[in-house]
């Protein structure tokens with residue numbers, strides 16, 4: 001399995017829109033109305049608008065060059081050297097280590113732009129997502145709303161690019 005991440009362009013937007021339109025489980029989780037679809041153009045516009053509003057950058061997660069999900073850095077604050085990380089993956093691609101590999105890749109992207117920490121809020125019942133953060137050494141705190149708040153120190157924790165190269169994972173930047 002070769003996992004890569006690549007900035008979302010028109011081609012990736014079309015394939016991710018198709019994935020969203022066909023994956024009922026993912027649509028429910030992301031809050032999409034059940035009887036609606038999204039065109040590639042609409043998806044790409046939503047991504048670009050979201051990147052602008054949220055000071056973010058979005059990447060397509062690819063398994064063997066096939067788009068299977070999305071991962072992003074958002075609320076990027078270069079002055080404070082921190083950002084939030086978020087991701088989603090098609091339901092049929094889960095529990096195969098793909099999202100974990102993509103997370104390690106986005107950690108290196110974050111380090112590459114000078115970030116020292118990443119954070120996220122994860123539903124307490126989302127064991128798979130919690131495990132990704134915890135495996136990388138993130139500190140978790142249960143909030144009053146029942147969600148977990150994670151902070152990952154990129155200078156102390158997480159996988160290095162050297163470790164990823166040894167395991168055959170890499171990331172591509174384009175666009």
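Residue numbers (this note's numbering): 1 to 175.
C-beta atoms are modelled at their ideal positions from N, C-alpha and C, and glycine is treated no differently.
- For residue 148, the enclosing beta strand (DSSP E) starts and ends at 147-153.
- Taking a C-beta distance under 7 Å as the contact criterion, residue 105 and residue 5 qualify as a contact pair.
- Residue 142 and residue 152 have their C-alpha atoms some 15 Å from each other.
- Shortest Cα-Cα distance from residue 95 to any of 68, 115, 113 and 51 involves 68.
- Taking C-alpha positions only, residue 52 is separated from residue 109 by approximately 18 Å.
- In the three-state reduction of the DSSP assignment, residue 113 falls in the coil class.
- Taking residue 131 as reference, the option from 33, 150, 144 and 80 with the minimal CA-CA separation is 150.
- The alpha carbon of residue 39 has as its nearest neighbour, out of 127, 10, 72 and 58, the alpha carbon of 10.
- Burial is judged here by how many other beta carbons sit within 10 angstroms of a residue's own beta carbon; residue 19 has at least 16 and is buried.
- The three-state secondary structure of residue 124, taken from DSSP, is coil.
- When the five nearest sequence neighbours on each side are left out, the beta carbons in the same chain lying within less than 6 Å of the beta carbon of residue 37 are those of 21, in order along the chain.
- Cβ-Cβ separation between residue 74 and residue 83: approximately 6 Å, consistent with a contact (criterion under 8 Å).
- In the DSSP annotation of this structure, residue 49 is not part of any beta strand (DSSP E); the continuous alpha helix (DSSP H) holding it starts and ends at 40-53.
- With a cutoff of 7 Å on beta-carbon distance, residue 107 and residue 88 are scored as not near each other.
- Under the three-state reduction of DSSP, residue 4 is assigned to strand.
- Our two residues, residue 138 and residue 60, have alpha carbons roughly 23 Å apart in a direct line.
- Taking a contact as a CB-CB distance under 8 Å, the pair residue 115 and residue 154 counts as one, their CB atoms being some 6 Å apart.
- Scanning 133, 124, 126 and 128 for the CA closest to the CA of residue 117 turns up 133.
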